[in-house]
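Down below is the structure, laid out as structure tokens.
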């Protein structure tokens, strides 16, 4: 039975108890040992999900430009949302993990086995939500859905700590029914609520959200895409290229032969068919180049996470973490 | 109103959210758009310090639109009671009630008495000591007959008519002008409240220190009382006025009396200034009304003395009453620090308190500690108070002679004990881990201290030491500390001499055969091995099996009012407690708050006193007349009705009163370094409010040492509207200097549209807000916000005014330059000067000499303190 979170953002009071509880249970270090600067971005001072923040509460102030008392009070919203790993039904990180460190558990959650992870970083850009991050130990980290607690029949620490039940934990199907009912109630009351994370979002999110504004407002991609979705295109493009090159080669060979009949010697090696740079050949080991490729593909998604610095396009030059959340381990000079 | 429920009480806010999911309407009236506002159906922003104008407007709306709950008001409130003709209203005296003595700056509240209850002494012969006025006496003398009433409510001096006249000027137009909201918004709140009150529906007010921390704080809450009484929202499910508590178990510490002016169970502490308090009989006669539930006071007092002094409490020594220390003045927080400056107070224990950061006018309070001989700090971390001598403003730490002792504390999971929450629900918690190193619980500390003191004074014949020797200290011991359940058993009470737990405070006796350390808690430990605070069987509604709520496991106080005068539920929907004619007793979902078999139609016999004096339709049994006091003839020192006063430091004139714009009896501290800003001073034009964030707790003593939490809110900031930021060239996250005559603080700016300027009385008034969690120690540090605030207080409870004062806002880091200017500024002449100090010290020395010479403790009489800090004190709701 798939387990997950239903996060109802309409009852989130932004208390960050989930963040604190997550740190405590998972013994995560605080961002920069707790000594950080005020971001000035509403009440958010940790910025994003990272290797040390597996829960992150976003604050979105929507106060109208109209500063009259009437305008101030009409339509003022302060949206809060506790973000977390979505434990996707089709998980990008799991797809690309070359070592098998990322597995799907008996609870249908996506779990990174720390003793297997080799820190290759493939999963980092493979996640369309920017969840996976490389920690100070050079390995990939993210929410485990409190796998250790679940094994003992306990709910995850964040859900237990949430005072308003904004974070609910349980069987995904039951949670979905709850969420659908809540959406219906809210819509009846004129609130434009909807569930983000149904099947159209990478096959469904085991950890889904009830939102009242566009996904991008919350820093979520409207149409996230997985690495595997590009494999088909890659194949087609490769095949096309191969065909073109073959035709070219044949033509060239013919030409050479024809030229040879009365021309210079050529170098056949130069005309060996080559795929476009970086396209993943089936069976090829993902490495640095794969990472760069995926960065390029997911640039658009990354950019939509407006409050995260966009990851560096070239991982070898600027580091894979893109923000310094790794503590410098990836080479980003954090 | 007056609370940031979601941010400061997030666990309790769970229930507000559940209510909203079930269709309840949430309204937030607050200057800022906070995380609470974000969760509410309606947010109305009003200027800090204007709440009584807003609430008074609602009262006026209810009265003029005839929205009051007639049957409820007529039977359950004092609306029909007739007031003596000595009462004159603020509306007639331009901001003063009658009875004001300009020389003393105090009211004689006998001028506010009910008709026919005035004591025989004429007003002008009032004694010098009007300090301690408890409801019932002396303003209202109920001994001979109940107060006169006019059930038609037509008598011009009946409470209803007085109230109508008093609030007639609080029109929607005035509310909008004073508060800075619109008339439409005000009316929407008023209508929503009225539409959701009555037989079928109830509404509740939730407040916190946003209401209390004002020079008229108690009257803010009184104003809500008037509304809730008029709408019939008290004693009924879903109703009430909820005091959201600022710390875990601050309710418990008020009940079991950490306050200097209370003994456990809300028995007033004896004071030396009242000759009536010289004897137990005098104390009882003066403090305990003869009618209503408090007529039982003697049982509770005797049982308390028996619990404390055991066999040393005997009938022939007034049950040990003379062992109790007597107050000689106002010993609340701020007067203590004045007394430190004057060297009257020479030692101080700060246990779980951080006044170096949390104290109003923090520089002044730290300077006070520098005058001490010794200071004990017991806390989780080495707080700013433990290192007050390292504060940035201390030029030469070596010059400070105070000896500081630091005791590391255990944390909650390391100790057994209980929490009492805002609902008076006592919940037990067990020790889950052993404290590291030398960390010890407060119980350990107190237990060991008592043991050592008893040893120290053993064999002494000095009567001054007698209380230590008389003290009964029989708690079971574990690991060097008194067992918490053993303490709870004593709080609950037991019989003597066989020490059987008593099940109810109805079993407590005044003949010395019972002991109880806190009568309101009796029943929490009704028999050996049965700790109801640890009970954990809940259900979906009243959940009487979950823990224990004092008194008597009652979840809603005065719940007799949930039924109509005839004992029937007001409506099926709001059925809660009702009269069962067949069984001839009160029944319901909760424990009825009324004598079990007193029929609704029964008539009281006044001469019998106690509960027998009250009728069967008088649910408010802690009042001598069984009614809600819309008009309070006694018990308050600043007026029988709430009225709009501007804050001590405010931006505008009072729209209602010119002669007395501020609370005329506000408690001020005219000492060096505590200069106030005059109303309308152009040098300090901006309103400031201080508050808490969810991520930290108070002065940060529990949170600023935890990196997990400091990462969430790392730096001190000031919230500023974009308009003010533009005006002062301030950028988001840029440095800002905030200053007042008391100090200057540098911090980052958080520019946000959640704040806005107010249009008040034709002027634009800017408001800023600052959290006060930072200090100069911990994982993250920052300036101390409370260095800005002044020491000025509500006269009833001496709580400071931190929710509104005036300041200046400048961009950049300019604290040094501003402070340099401040030191050049002329300081006011200290009220408590050398002469007063010498007199005080001499007075204390004399008292000590007299004590040493006295053979009987009863002979010891301390003269009144020369300080003007001796005004009466009520209950602190922090």
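Protein chains in written order, with the numbering used here: chain A, 7 to 340; chain B, 1099 to 1976.
For every residue, glycine included, the Cβ atom is placed at its ideal position computed from N, Cα and C.
- Residue range 1281-1293 is occupied by the alpha helix (DSSP H) that includes residue 1284(B), with no beta strand (DSSP E) assigned at that position.
- Of the candidates 74(A), 129(A), 48(A), 74(A) places its Cα closest to the Cα of residue 1144(B).
- Under the Cβ criterion (8 Å, minimum of three pairs), the region 1791-1802 of chain B does not count as touching the region 1761-1771 of chain B.
- Of all residues in the region 152-183 of chain A, those with a C-beta nearer than 8 Å to a C-beta of chain B are 169, 170, 171, reading in chain order.
- Contact between residue 36(A) and residue 140(A) fails: their C-beta atoms lie close to 17 Å from each other, not under 8 Å.
- Using a Cβ-Cβ cut-off of 7 Å, residue 28(A) does not count as an interface residue toward chain B, since no Cβ of chain B sits closer than that to its own.
- With a cut-off of 8 Å on Cβ pairs, the region 1295-1315 of chain B is not in contact with the region 1251-1271 of chain B, counting fewer than three such pairs.
- When 8 Å is used as the limit between beta carbons, residue 37(A) is near these residues of chain B: 1809, in chain order.
- Within 8 Å of the CB of residue 1642(B), no CB atom of chain A is found; the nearest one sits about 24 Å away.
- Contacts between residue 1846(B) and chain A, judged by CB atoms closer than 9 Å, involve 43, 44, 46 in chain order.
- Within 7 Å of the CB of residue 1115(B), the CB atoms of chain A belong to 17, 170, in sequence order along the chain.
- Between the C-alpha atoms of residue 17(A) and residue 149(A) there is a straight-line separation of about 22 Å.
- When DSSP states are grouped into helix, strand and coil, residue 1703(B) belongs to the coil group.
- For residue 1502(B), DSSP records a beta bridge to 1473(B).
- Under the criterion of beta carbons closer than 8 Å, residue 1482(B) and residue 1454(B) qualify as touching, at roughly 4 Å.
- At a cut-off of 7 Å between beta carbons, residue 1813(B) contacts chain A.
- Interface with chain A (7 Å Cβ-Cβ cutoff): residue 1269(B) is excluded.
- Among the residues of chain A, those whose CB is under 8 Å from the CB of residue 1137(B) are 17, 19, following chain order.
- Bounds of the beta strand (DSSP E) holding residue 1906(B) are 1903-1909.
- For the set 1888(B), 1120(B), 1655(B), the Cα lying nearest the Cα of residue 192(A) is the one of 1120(B).
- When Cβ-Cβ separations below 7 Å define contact, residue 1830(B) makes contact with chain A.
- Residues of the region 1853-1886 of chain B with a C-beta atom less than 7 Å from some C-beta of chain A are 1854, 1877, 1878, listed in chain order.
- Less than 7 Å separates the beta-carbon of residue 1389(B) from that of residue 1711(B).
- A direct Cα-Cα distance of roughly 18 Å separates residue 1338(B) from residue 1173(B).
- Per DSSP, reduced to three states, the secondary structure at residue 1560(B) is coil, with no helix or strand assignment.
- Pairing residue 1904(B) with residue 1786(B), the inter-Cα distance amounts to about 6 Å.
- Any Cβ of chain A closer than 7 Å to the Cβ of residue 1531(B) would place that residue at the interface, and such an atom is absent.
- Note on residue 93(A): 16 or more other CB atoms within 10 angstroms of its CB, so buried under the neighbour-count rule.
- With a threshold of 7 Å between beta carbons, residue 1104(B) makes contact with chain A.
- Under DSSP, residue 1895(B) takes part in no beta bridge, so it has no partner.
- Taking 7 Å as the CB threshold, residue 1806(B) lines the interface with chain A.
- The beta carbon of residue 1276(B) sits closer than 6 Å to the beta carbons of 1148, 1151, 1753 from its chain, once the five residues preceding and following it are set aside; these are given in chain order.
- When Cβ-Cβ separations below 7 Å define contact, residue 22(A) makes contact with chain B.
- Segment contact: the region 1836-1851 of chain B against the region 1722-1741 of chain B, fewer than three CB-CB distances shorter than 8 Å; contact not assigned.
- Here residue 1354(B) is buried, its C-beta having at least 16 other C-beta atoms within 10 Å.
- Residue contact check for residue 1280(B) against chain A: a CB pair falls below 7 Å.
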